[in-house]
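2 protein chains.
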Amino acid sequence: MAESSSPTRSGRRPGRSGTRDRILQVARNQFASKGFDHTTIRSIASESGVDSALVHHYFGTKQRLLVDAIELPIDPATILGALEAAPVDALGETLARTVIGVWDSTHQPAVVAAVRSALTGGEENLVRSFLLEVALKGIAARVDSPTGTGDLRVALVASQMTGLFVTRHLLRIEALRTLSTEQTVQLIAPTLQRYFTGPLEPV
Amino acid sequence: MAESSSPTRSGRRPGRSGTRDRILQVARNQFASKGFDHTTIRSIASESGVDSALVHHYFGTKQRLLVDAIELPIDPATILGALEAAPVDALGETLARTVIGVWDSTHQPAVVAAVRSALTGGEENLVRSFLLEVALKGIAARVDSPTGTGDLRVALVASQMTGLFVTRHLLRIEALRTLSTEQTVQLIAPTLQRYFTGPLEPV
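Just so you know, the sequences run in chain order A and B.
Residue numbers for the first sequence, in the working numbering: -18 to 184.
Residue numbers for the second sequence, in the working numbering: -18 to 184.
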């Protein structure tokens, strides 16, 4: 999520890759400043000086455009595929294993840099949108029981996973930093599963 | 935790409050750069150009000096007192109620600013030291069962509370932001209590 190099703006008709880069930069700015809900393919196309159809052609949906705009070090489809394949009563362990697996992979430096930048650079809108609109949106519908609790359930999951990341990789608390991937999964998964499917206190 | 104004360095014998400010600034720098464990009252006194006894006279223990150095908007003794008075099997709810109560009080803007600054300004050492050496140290000993698990238990508690703060107050996730203090306590306390006293997966 580092600042990308400025796209060319000198010509009125930049080449294809110049146009694509410009759309990405505009998307990143609009997602960050207006938030996901108030950003539209049309508003991005308009500011980029292109037709909406071209934005769809390059990026597909608004969710896909968000994923491209924040330049994740890995394709979230990997994690989302594992979650979709998991039964509801295994979501906690599946989410913990796939996500913590990425944190503990060779991608770790890139993930740490991206999260640090996101939390510090006024990109809260981008992070929140990614978590809720891409990473957890499909799950919220599956755990919406009783009806209306899905958004709260995935938000609680996000709170535990975000905090685990901050304490383990940014604050580097020794007792967490020295855990293996599997130990971490075993400790955290029950909390995630309770948030996904356990009883919620009357709210 | 904002940068404090620079203490006067022009005279060799500044007044009492100049000396106190200078010690605080030195302490802040050493805690941040070397970490709590490797910072000593003696090293702070030495760099401040004063005797160790004067540092003790102004601030008492190294823990107290850390608390003064990070300029918390509230006195942590309030929270620590409540925790010390709580039985072990009520630690989760007591911690949730006292800490979230502070977040939701008139201190909220100051706490948000302090946490944001700490996570973004390379002050991870200060935050980690505060959490482990001041906020949770006394509790770790009380929940050290089986022996050796106390540090891990309080680190897990720190992970949930840190993540709740980041998602609720920095990322401002709607489903968490709109909860009342009491609703939040009821949702989070069972997780904290499990980390404090529940079974830990074999690690």
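Here a beta-carbon is modelled for each residue, glycine too, at the ideal position from N, C-alpha and C.
Taking C-beta atoms as the reference points, B:Val124 and B:Phe177 count as a pair closer than 8 angstroms. The beta carbon of A:Ala94 does not come within 8 angstroms of any beta carbon belonging to chain B, so the residue lies off that interface. Apart from the 5 residues on each side of it in sequence, A:Thr130 sits with its Cβ closer than 7 angstroms to the Cβ of Leu181 in its chain, given in chain order. Identification of chain B residues near A:Val108 by a Cβ-Cβ cut-off of 7 angstroms yields Leu152, ordered along the chain. Neighbours of A:Asp2 in chain B, taken as residues whose beta carbon is under 7 angstroms from its own, are absent, since the nearest beta carbon is some 27 angstroms off. Taken in chain order, the unbroken stretches of alpha helix (DSSP H) that lie wholly in the segment -11 to 37 of chain A and span 4 residues or more are -3 to 15, 22 to 29. Residues of the segment 114 to 139 of chain A that bring their beta carbon within less than 7 angstroms of a beta carbon in chain B comprise Asp132, Leu133, Ala136, Leu137, Ala139, in sequence order. Residues are counted here when their Cβ sits less than 7 angstroms from a Cβ of chain A; for the segment 56 to 89 of chain B the count is zero.
About 5 angstroms separates the CB atoms of A:Ala121 and A:Val135; that is less than 8 angstroms, so the two are in contact. Counted as a single uninterrupted DSSP element, the stretch harbouring A:Leu152 is not any alpha helix (DSSP H), since DSSP gives it neither H nor E. The beta carbons of A:Thr75 and A:Ala63 sit closer together than 8 angstroms. Taking a beta-carbon distance threshold of 8 angstroms, B:Thr162 does not count as an interface residue toward chain A.
Contact of A:Thr143 with chain B by beta-carbon distance below 7 angstroms involves Gly144, Val147, Thr148. A:Ala67 carries a coil assignment under DSSP once its states are collapsed to helix, strand and coil. A:Leu53 is outside the set of residues whose beta carbon lies under 8 angstroms from a beta carbon in chain B. Each of A:Ser14, A:Arg175, A:Ala170 was checked against the Cα of A:Ala77, and the nearest Cα belongs to A:Ala170. Counting every other CB atom within 10 Å of its CB across the protein chains shown gives A:Lys43 a total of 16 or more, marking it as buried. Any Cβ of chain B closer than 8 angstroms to the Cβ of A:Glu105 would place that residue at the interface, and such an atom is present. The count of Cβ pairs closer than 8 angstroms, one atom from the segment 82 to 97 of chain A and one from the segment 28 to 42 of chain A, stays below three, leaving the stretches out of contact.
Assignment of A:Ile51 by DSSP, reduced to helix, strand and coil, places it in the coil class. Exclusion of the five residues before and after B:Ala50 leaves Leu5, Ala8, Arg9, Phe12, Leu107 as the residues of its chain whose Cβ lies within less than 8 angstroms of its Cβ. Check the Cα spacing between A:Leu152 and each of B:Ser126, B:Asp32, B:Glu104: the tightest is with B:Glu104. Non-local C-beta neighbours of B:Asp32 in its own chain, meaning closer than 7 angstroms and more than five positions away in sequence, comprise Ala26, ordered along the chain.
Residue environment analysis places B:Gln89 among the exposed positions, since fewer than 16 neighbouring C-beta atoms fall within 10 angstroms of its C-beta. In its chain, beyond the 5 residues on either side, no residue has a beta carbon closer than 6 angstroms to the beta carbon of B:Lys118. In this structure, B:Thr148 sits away from B:Leu160, with a CB-CB distance that is not shorter than 8 angstroms. For A:Ala156, the chain B residues whose Cβ falls inside 7 angstroms of its Cβ are Asp132, Leu133, Ala136, in order along the chain.
Within the model, the alpha-carbon separation for A:Arg1 versus B:Val138 is close to 44 angstroms. A:Gly73 is positioned such that its CB atom lies no closer than 8 angstroms to that of B:Ser140.
Under the Cβ distance rule, B:Thr21 does not count among the residues neighbouring chain A, no pair being separated by less than 8 angstroms. Under the three-state reduction of DSSP, A:Pro90 is assigned to helix.
Listed by position along chain A, the residues whose Cβ is nearer than 7 angstroms to that of B:Leu47 form an empty set, because the closest Cβ is around 15 angstroms away. The beta carbon of B:Leu100 falls within 8 angstroms of a beta carbon belonging to chain A, placing the residue at that interface.
Non-local beta-carbon contacts of A:Ile81 in its own chain, meaning distances under 7 angstroms to residues more than five positions away in sequence, involve Thr162, Thr165, Val166 in chain order.
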